[in-house]
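Here is the structure we will look at, set down as structure tokens.
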Amino acid sequence: MPSATNIPDFIRRATDDAGFDLAGIAPVRQYPELDYFPAWIASGHAGEMRYLETRGESGNLKRASLAEVAPWARSVIVCAINYNTAQSWSTADRRPSTGWISRYAWSAQDYHASVLRRLHAVEAKLKQESPDCETRCYVDTGPLVERVWAKYAGIGWQGKNTCLINQQIGSWIFLGVILTSIELQPDLPVPDRCGACTRCLDACPTNAFVAPYQLDATRCISYLTIEKRGDIPEDLRDGIGRHVFGCDICQEVCPWNRRAPVTAAPEFAPRPGLVNPALEWLAAMNEDEFRAALRGSPIKRARYNGLRRNVAIAMGNSGDSRFLPTLQKLAAGPDPAVASHARWAIDKLHQRG
Ligand code: SF4
Ligand code: SF4
4 MPSATNIPDF IRRATDDAGF DLAGIAPVRQ YPELDYFPAW IASGHAGEMR YLETRGESGN
64 LKRASLAEVA PWARSVIVCA INYNTAQSWS TADRRPSTGW ISRYAWSAQD YHASVLRRLH
124 AVEAKLKQES PDCETRCYVD TGPLVERVWA KYAGIGWQGK NTCLINQQIG SWIFLGVILT
184 SIELQPDLPV PDRCGACTRC LDACPTNAFV APYQLDATRC ISYLTIEKRG DIPEDLRDGI
244 GRHVFGCDIC QEVCPWNRRA PVTAAPEFAP RPGLVNPALE WLAAMNEDEF RAALRGSPIK
304 RARYNGLRRN VAIAMGNSGD SRFLPTLQKL AAGPDPAVAS HARWAIDKLH QRG
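Going by this note's numbering, the sequence shown opens with residue 4, and the numbers climb by one from there.
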């Protein structure tokens, strides 16, 4: 078994071998950013994302205190992998016939499985070295706010756009964490390098930032197009543009992404047709076709009728009256939210004349 000081080197080799681009270690502490989390939930800015509100036996939010939900954990190993590809931004496509999709959802595989497989490879090596240690791996679903732990593990800083940014590879990164009962030598937190920049705050089309570093998710296009069920508030629909799944604008404008390297992981390669899908293609799918076409894709999280609702908004915002017959069909369909958003889009295209 390696000594406490050479375990970090051993872990770094294991994370490299597993294909992670970055890795670091944060000691289990009650960081000040975690104390902000309950206030953010209480403000209602998390909207319908109830999974963020799960509570432990004491009634406290699980994500706000790791010491409470995993009292055995001493260190958090945070791993990061770059998912950037050479493909230009989805929003660079100005053709009115297509929709915009968030970069992380372009590939054919759900990143959760891909990151988890790598975490398990690291975990297996750790167990070989320290068979008695307790470990647990998470990708998005753990009782912790990954970005806070990533900061204290030296992976990057949380930018004013609330994304985790690494000085070398930018913010197109997936995070995964391994909780461990081993007390590991920690890394140093990364200082904030946003400086006086406000590009992300200025560029957000729905004014989702209540302040620098503070997001009202209920106004964010990512939340609205993926998590929100039913109606999207009318005053936010224009700002959605042709986004049908997620939004990357506050990352696209970030100077730290200007020279973001391309990932070495082949599974993040864009799937043809998913960077800028034809809106007519998405609108024409029946539920079986939706499941088959998006098998393994994170886009399924928006659900069939949620995606059609988003497509209706995108068609309304396209300015292209050739979508009117399709919108009439959507407006006559059985799902009330799809139908009402299609009527909104028809009115919008008519107003444009
Ligand atoms: S993802 Fe888009 S809508 Fe959400 S905060 Fe960033 S720019 Fe605004
Ligand atoms: S755009 Fe500017 S302010 Fe926003 S996260 Fe990037 S560096 Fe920070």
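Virtual Cβ for every residue (Gly too), placed ideally from N, Cα, C.
Excluding five sequence neighbours on each side, which residues of the same chain lie with their C-beta closer than 8 Å to the C-beta of residue i?
{"i": "alanine 124", "result": "Ala17, Asp20 and Ala21"}
{"i": "arginine 262", "result": "Gly173"}
{"i": "proline 273", "result": "Thr88, Gln90, Trp109 and Ser110"}
{"i": "tyrosine 86", "result": "Arg106, Tyr107, Ser110, Tyr114, Trp175, Ile176, Phe177, Thr266, Ala268 and Phe271"}
Might you give, ordered along the chain, the residues of its own chain that have their beta carbon closer than 6 Å to the beta carbon of residue i, omitting 5 neighbours on each side?
{"i": "arginine 232", "result": "none"}
{"i": "leucine 310", "result": "none"}
{"i": "alanine 7", "result": "Residue placement at alanine 7 is poorly supported in this model, since its pLDDT is 42, which falls under 50; the coordinates are not used for a value here."}
{"i": "tyrosine 3", "result": "Nothing about residue 3 can be read from this structure; the chain reaches only from 4 to 356."}
{"i": "valine 142", "result": "His115, Val118, Leu119 and Gly179"}
{"i": "aspartate 190", "result": "Gly27, Ile28, Ala156 and Gly157"}
For residue i, which three-state DSSP category applies?
{"i": "histidine 123", "result": "helix"}
{"i": "cysteine 253", "result": "helix"}
{"i": "leucine 206", "result": "The sequence shown places alanine at residue 206, not leucine. The answer is helix: DSSP assigns alanine 206 an H, G or I state."}
{"i": "asparagine 164", "result": "coil"}
{"i": "tryptophan 109", "result": "coil"}
{"i": "isoleucine 235", "result": "coil"}
{"i": "asparagine 169", "result": "strand"}
{"i": "arginine 15", "result": "helix"}
{"i": "arginine 58", "result": "strand"}
{"i": "asparagine 313", "result": "helix"}
{"i": "threonine 201", "result": "coil"}
{"i": "threonine 101", "result": "strand"}
{"i": "alanine 156", "result": "coil"}
{"i": "alanine 281", "result": "strand"}
{"i": "valine 341", "result": "helix"}
{"i": "alanine 214", "result": "strand"}
{"i": "glutamate 51", "result": "coil"}
{"i": "alanine 7", "result": "Confidence at alanine 7 is low in this model, with a pLDDT of 42, below 50, so its placement is unreliable and the value that follows should be read with caution. Coil at alanine 7, not helix or strand."}
{"i": "methionine 288", "result": "coil"}
{"i": "valine 151", "result": "helix"}
{"i": "alanine 195", "result": "Looking at the sequence provided, one finds aspartate at residue 195 rather than alanine. In this structure, aspartate 195 counts as coil in the three-state DSSP scheme."}
{"i": "aspartate 38", "result": "helix"}
According to DSSP, which residues form a beta bridge with residue i?
{"i": "threonine 221", "result": "Bridge partners of threonine 221: none, in fact."}
{"i": "proline 30", "result": "Ser78"}
{"i": "isoleucine 181", "result": "Ile80 and Cys140"}
{"i": "isoleucine 176", "result": "Asn85"}
{"i": "histidine 25", "result": "According to the sequence provided, residue 25 is leucine. The question's histidine does not apply to it. Partner(s): Ala83."}
{"i": "leucine 64", "result": "Arg58"}
{"i": "phenylalanine 248", "result": "Ile104"}
By how many angstroms is the C-alpha of residue j removed from the C-alpha of residue i?
{"i": "valine 118", "j": "glutamine 354", "result": "46 Å"}
{"i": "proline 215", "j": "glycine 322", "result": "33 Å"}
{"i": "arginine 98", "j": "glycine 276", "result": "14 Å"}
{"i": "asparagine 210", "j": "leucine 204", "result": "8 Å"}
{"i": "alanine 287", "j": "proline 339", "result": "17 Å"}
{"i": "glutamine 112", "j": "tryptophan 75", "result": "33 Å"}
{"i": "glycine 159", "j": "threonine 221", "result": "26 Å"}
{"i": "aspartate 238", "j": "arginine 325", "result": "24 Å"}
{"i": "cysteine 250", "j": "proline 280", "result": "15 Å"}
{"i": "lysine 163", "j": "cysteine 197", "result": "7 Å"}
{"i": "aspartate 219", "j": "phenylalanine 271", "result": "29 Å"}
{"i": "alanine 359", "j": "arginine 202", "result": "As displayed, the chain neither begins before 4 nor continues past 356, which places residue 359 out of reach and without an answer."}
{"i": "phenylalanine 13", "j": "arginine 121", "result": "15 Å"}
{"i": "aspartate 234", "j": "asparagine 313", "result": "10 Å"}
{"i": "arginine 32", "j": "proline 192", "result": "13 Å"}
{"i": "valine 247", "j": "lysine 128", "result": "41 Å"}
{"i": "phenylalanine 212", "j": "alanine 305", "result": "23 Å"}
{"i": "alanine 295", "j": "proline 301", "result": "13 Å"}
Within the same chain, show all residues whose beta-carbon is closer than 7 Å to that of residue i, passing over the 5 residues directly before and after it, in chain order.
{"i": "arginine 66", "result": "Phe40, Leu55, Pro146, Leu147 and Val148"}
{"i": "leucine 327", "result": "Ile349 and Leu352"}
{"i": "valine 278", "result": "Gln90, Ser93, Ile104 and Trp109"}
{"i": "serine 61", "result": "Glu71"}
{"i": "glycine 59", "result": "Lys65, Glu71 and Val72"}
{"i": "isoleucine 44", "result": "Leu55, Glu56 and Leu64"}
{"i": "glutamate 230", "result": "Gly50, Glu51 and Met52"}
{"i": "leucine 1", "result": "The structure shown does not extend to residue 1, since the chain is modelled only from 4 through 356, so no value can be given for it."}
{"i": "proline 11", "result": "Ile28, Leu187 and Gln188"}
{"i": "alanine 206", "result": "Ile252, Cys253 and Val256"}
TODO: Determine contact between the region 139-153 and the region 36-43, defined as no fewer than three beta-carbon pairs at a distance below 8 Å.
DONE: yes
TODO: Could you tell me whether the region 22-35 touches the region 66-85, using the rule of 3 or more Cβ pairs below 8 Å?
DONE: yes
Open item on the list: Tell me whether the region 241-257 and the region 160-175 touch, counting them as touching only if at least three CB pairs, one residue from each stretch, are closer than 8 Å.
Closed with: yes
Open item on the list: With three or more C-beta pairs closer than 8 Å as the rule, is the region 177-188 touching the region 136-143?
Closed with: yes
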